[in-house]
Amino acid sequence: MIFWELFSGFFIANILGYGGGPASIPLMQQQVVDHYGWMTNAQFVDMLAVANALPGPIATKVAAFTGFQQAGWLGLIIATIATVAPSAIAIIILLKVLSHFKQSSVVKGMTLLVQPVIAVMMITLTWEFSQVSFDSIGYVQSLLIALVALLAIIKWKVHPALVIVLAFIYGGVVMPHFI
72 MIFWELFSGF
82 FIANILGYGG
92 GPASIPLMQQ
102 QVVDHYGWMT
112 NAQFVDMLAV
122 ANALPGPIAT
132 KVAAFTGFQQ
142 AGWLGLIIAT
152 IATVAPSAIA
162 IIILLKVLSH
172 FKQSSVVKGM
182 TLLVQPVIAV
192 MMITLTWEFS
202 QVSFDSIGYV
212 QSLLIALVAL
222 LAIIKWKVHP
232 ALVIVLAFIY
242 GGVVMPHFI
């Protein structure tokens with residue numbers, strides 16, 4: 072039963088996750104936390120933070136970790152296949168269709184109008200994650216870290232991976248003195 076749940080949960084999240092890993096994260100969170108209850112929202116946030124610090128596609132890392140946590144190596148393989156298969160199948164089909172109808176106003180409209188939906192999903196996920204942060208380290212620390220990260224990425228052009236590593240270091244060296 073767990074193998075089917077892992078496959079269907081990640082397959083659904085990734086087949087509907089138009090826009091890649093970032094777009095499928097809220098869908099995965101809904102499956103992993105809300106639907107199946109495999110972990111709490113706080114655990115999902117922690118797992119996502121670690122997954123973001125590692126190289127490679129985020130969706131695949133989330134699936135691999137969750138699959139392994141729930142059902143060992145076979146769970147890891149099943150969840151990873153369920154995550155990769157929708158993209159592989161969809162890219163083959165979509166590229167064929169889109170290349171044939173690339174000048175169509177319908178195709179242009181579909182691809183443009185789905186972007187605000189993805190933006191809302193990301194904002195919702197950000198809000199939920201910020202609540203976990205506020206609850207665990209407080210509003211001041213959370214907002215200060217968010218502001219520094221925003222400035223580092225946008226103004227100072229620091230690579231996001233380096234910002235994540237610096238946040239890990241800050242969390243390991245400085246935060247223990249505040250908690």
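Residues in the sequence shown are numbered from 72 upward in steps of one, following the numbering used here. Glycine is no exception: its CB is placed at the ideal position from the N, C-alpha and C atoms.
Non-local C-beta neighbours of Val103 in its own chain, meaning closer than 8 Å and more than five positions away in sequence, comprise Gly80, Trp109, Met110, Phe115, Val133, Thr137, ordered along the chain.
Secondary structure note for Tyr241: its alpha helix (DSSP H) is the uninterrupted segment 231–244. In the three-state scheme derived from DSSP, where H, G and I count as helix and E and B as strand, Ser176 is classed as helix.
Counting C-beta pairs closer than 8 Å gives three or more between the stretch 72–87 and the stretch 151–170, which meets the contact rule. If you ignore the 5 residues before and after Met118, its C-beta comes within less than 8 Å of the C-beta of Met110, Val133, Phe136, Thr137, all in its own chain and listed in chain order.
By the Cβ-count criterion, Leu147 is buried, with 16 or more other Cβ atoms from all chains shown falling within 10 Å of its own Cβ. In this structure Ser95 touches Ala130 by the C-beta definition: roughly 5 Å separates them, less than 8 Å.
In this structure, the alpha-carbon of Leu214 lies about 38 Å from that of Ile162. Rounded to the nearest whole angstrom, the CA to CA distance from Asp206 to Gly143 is 31 Å. Val234 and Ala223 have their C-alpha atoms roughly 7 Å apart.
Distance from the CA of Phe200 to the CA of Phe239, rounded to the nearest whole angstrom, comes to 16 Å. If you ignore the 5 residues before and after Gln100, its C-beta comes within less than 7 Å of the C-beta of Phe115, Leu196, all in its own chain and listed in chain order. Sixteen is the threshold: when 16 or more other Cβ atoms of the shown chains lie within 10 Å of the Cβ of Ile149, as they do, the residue is buried.
Ranking Ala190, Leu165, Val188 by CA distance to the CA of Val178 puts Leu165 first. Looking at Pro97, Leu98, Leu145, Pro93, the one whose alpha-carbon comes closest to that of Ile73 is Leu145. The alpha-carbon of Leu184 is positioned some 28 Å away from that of Gly127.
Annotation for Thr137: the continuous alpha helix (DSSP H) segment containing it runs 129–171.
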